[in-house]
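Using this note's numbering, read the sequence shown as starting at 28 and increasing by one per residue.
Glycine residues also receive a C-beta, built at the ideal position from the N, C-alpha and C atoms.
Since the structure is predicted, the reported quantities are computational estimates derived from the model, not experimental observations.
Remarks on the structure that follows.
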Amino acid sequence: LKVMSERMMQESQVPGDMWVYSWMYASLLHNILPRPQDDQTPHLLYHRTMFQDHNELMVFGCAVVNEGPSSSSHSYSCSYTTGVFLGLELDELGRFNNYIVLDLETDEIQWMTEATFDEWIYPMMSDESMS
């Protein structure tokens, strides 16, 4: 888990004080993904059901985007980054409950039930690290 968490932090360049979220997401991935030697996962053993919300899994540190203004008279829309994906919150039954997002405007953690992601954009990355 430590290596996975450190790698997510390094690759996404999310600030170091957000390490707890990479650790929680690494733990979630560890618990829901099957292992080669066994079909059972910790999630299955604890909740007695497989993790069903695979569509909710996103790349740690990717952009949370909002669709910009659109007008009926002008067919345009733009996307802009509003946050950074930090993980998932599950309910007591192990089902998806909320996305955990770092809001870039307020620098606060937000819990969102719906969001749009761009897994090709990493808002915390500097231009030098992308070259």
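Counting Cβ pairs closer than 8 angstroms, one from the region 140 to 148 and one from the region 31 to 39, do we hit at least three?
Between the region 140 to 148 and the region 31 to 39, the count of C-beta pairs closer than 8 angstroms stays below three; the two stretches do not touch.
Spatial neighbours of L131 within its chain, please: C-beta separation below 8 angstroms, excluding the five flanking residues on both sides.
Here the question's residue 131 lines up with position 104 in the sequence shown. If we look at L131 and ignore the five residues flanking it on each side, its Cβ neighbours are T108, T109, G110, V111, P150.
What residue does the beta strand (DSSP E) around Q67 start on, and which one ends it?
Taking the first residue of the sequence shown as 1, we reach residue 67 at position 40. Element bounds for Q67: n/a, residue is neither H nor E.
Span separating the alpha-carbon of V86 from that of I136:
Here residue 86 refers to the residue found at position 59 when the sequence shown is read from its first residue. Here residue 136 refers to the residue found at position 109 when the sequence shown is read from its first residue. Put simply, the backbone Cα of V86 is about 17 angstroms away from that of I136.
If you follow the alpha helix (DSSP H) that L56 is part of, which residue opens it and which one closes it?
By 1-based counting over the sequence shown, the position of residue 56 is 29. Run containing L56: 46 to 59, per the alpha helix (DSSP H) assignment.
Other residues of its chain near Y48: CB distance less than 7 angstroms, five sequence neighbours each side excluded
Locating residue 48 in the sequence shown gives position 21, where the first residue counts as 1. Around Y48: L113, G114, I127.
To the nearest angstrom, how far is it from the Cα of D66 to the Cα of L56?
As a first step, residue 66 must be located in the sequence shown, where it is residue number 39. As a first step, residue 56 must be located in the sequence shown, where it is residue number 29. Taking C-alpha positions only, D66 is separated from L56 by approximately 15 angstroms.
Alpha-carbon to alpha-carbon, G43 and Y103
As a position in the sequence shown, residue 103 is number 76, starting the count at 1. As a position in the sequence shown, residue 43 is number 16, starting the count at 1. For Y103, the predicted model reports a pLDDT of 45, less than 50, meaning its position is unreliable and no value from the coordinates is stated.
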